[in-house]
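Peer 1: Residue numbers (my numbering): 51 to 474.
Don't be surprised by glycine CBs; every beta carbon is placed ideally from N, CA and C.
Handing you a structure now.
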């Protein structure tokens, strides 16, 4: 009987905290973050409301990069096997499966990941090069906490995942944006070289790229590495290449998976199983021995993992993932959607960048203000994310990690949208 009273009291206190006169009691940093809240997540929430109103089958939600393929059967089998094995061992097995572990994660899991990378990419890692963490944001934040000081700059290649800004801001650092070549959406390397300053501490590379699906080929990576080497010598301090790799395995048209440590020794890799195994939240960081002060970097990332609260990545899933490292999501599923959507939109007169990887289509807005285009699409129940959310206005992103039916059924709506703008 006291619960309603208690609930009202808690709400009253909370409300007062947030509306104390004209002042807000949350930090200035969070106030700023609230103003810049994710356009992608906002569109996703709007899509859910629209689906409730009109029916999910009548809404074509291309907003969020949420994996559409199920986790491989081997992953579920591994979880069952691990639980059965723990039951047979009794209390000791349960503690081993669900207990605390080192800041870097389970040693046997890290050994398995290192061995898998060595087999696939010719690297020479062992368990001490790997740190298990929680989520893509967790991986990037522990790297940034380790390498960034207030006032440092992090370079990004536009278009880029917008929350990179918030991750850098967490450590009082700034994002510096390099312009793309608007034909290829590869980085303008002259602009890149000009943007590197004494304050530059890191560069984020995301290939295959979110939101364009473009892959940075070896010649591009070699040119980037050459510029970084030159600038390290010029400024006399390390510049880290942070390789953000959630889409590494999602490549099409004969393109090969790549691993960027071979191009530049000061590379730190952040990898996620969210797309390769349809397992959001599972992440690891790789620091090669060749990186400057590698041992200090590794220890710093381990400590950051603990102090930022990303330590103890779910123990059961760690163990299960270690048994499924050669598994892969069904890339052909995304390839079918890619072809259907790209061909369908280009036939309607839209200008699109054909994706080489990931599961996004980058579409030029028929009008300069892409927000107007996004709003017009909503009238037809098409949910697209504005390009300015990725630091590159005039375009929209479509996440085609949806059912085949959603793509197919959306094409008549896109045809109506094309008619609104007088396209072919």
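Looking only at C-alpha atoms, which of 469, 321 and 289 sits nearest to residue 299?
Peer 2: Of 469, 321 and 289, the residue nearest in Cα terms is 321.
Peer 1: What residue range does the alpha helix (DSSP H) around residue 214 cover?
Peer 2: Taken as a continuous stretch (DSSP letters only), the alpha helix (DSSP H) holding residue 214 covers 214-219.
Peer 1: Where residue 454 and residue 118 are concerned, what is the direct C-alpha to C-alpha distance, given to the nearest angstrom?
Peer 2: So the two alpha carbons sit approximately 10 Å from each other.
Peer 1: Return yes when the Cβ of residue 291 is within less than 9 Å of the Cβ of residue 310, no when it is not.
Peer 2: Going by C-beta atoms, residue 310 is nearer than 9 Å to residue 291.
Peer 1: Buried or exposed, going by whether 16 or more other CB atoms sit within 10 Å of the CB of residue 294?
Peer 2: Per the 10 Å Cβ criterion, buried.
Peer 1: How close, in whole Å, do the beta carbons of residue 153 and residue 353 come, if the pair is a contact with beta carbons under 8 Å?
Peer 2: Yes, they are in contact, since the Cβ atoms of residue 153 and residue 353 sit about 7 Å apart, within 8 Å.
Peer 1: Going along the chain, which residues of its own chain have a beta-carbon closer than 7 Å to the beta-carbon of residue 470, five neighbours each way excluded?
Peer 2: If we look at residue 470 and ignore the five residues flanking it on each side, its Cβ neighbours are 426.
Peer 1: Might you give, ordered along the chain, the residues of its own chain that have their beta carbon closer than 7 Å to the beta carbon of residue 259, omitting 5 neighbours on each side?
Peer 2: If we look at residue 259 and ignore the five residues flanking it on each side, its Cβ neighbours are 408.
Peer 1: Buried or exposed: which applies to residue 359, given that a residue is buried once 16 or more other Cβ atoms fall within 10 Å of its Cβ?
Peer 2: Residue 359 should be labelled exposed.
Peer 1: Please confirm whether residue 162 and residue 375 have their CB atoms less than 9 Å apart.
Peer 2: Yes, they are a contact pair.
Peer 1: Based on Cα-Cα distance, which residue from 78, 94, 105 and 114 lies nearest to residue 411?
Peer 2: Answer by Cα proximity: 114.
Peer 1: If you run the structure through DSSP and keep just helix, strand and coil, what is residue 361?
Peer 2: It is coil, neither helix nor strand.
Peer 1: For residue 155, count the other beta carbons within 10 Å of its own beta carbon; 16 or more makes it buried, fewer makes it exposed. Which is it?
Peer 2: Looking at its Cβ environment, which holds 16 or more other Cβ atoms inside 10 Å, residue 155 is buried.
Peer 1: Could you spell out the range, first to last residue, of the beta strand (DSSP E) harbouring residue 203?
Peer 2: Run containing residue 203: 203-207, per the beta strand (DSSP E) assignment.
Peer 1: Can you pull the DSSP bridge partners for residue 227?
Peer 2: Per DSSP, 206.
Peer 1: Consult DSSP for residue 113 and reduce its assignment to one of helix, strand or coil.
Peer 2: Coil, per DSSP.
Peer 1: Would you list the one or two residues that DSSP bridges to residue 322?
Peer 2: BP columns for residue 322 point to 333.
Peer 1: Alpha carbon to alpha carbon, how far is residue 266 from residue 237?
Peer 2: Going by the C-alpha atoms only, they are around 9 Å apart.
Peer 1: Determine the DSSP secondary structure at residue 455, reduced to helix, strand or coil.
Peer 2: Note: residue 455 maps to helix in three-state DSSP.
Peer 1: Are there 16 or more other CB atoms within 10 angstroms of the CB of residue 190, so buried, or fewer, so exposed?
Peer 2: So residue 190 ends up on the buried side.
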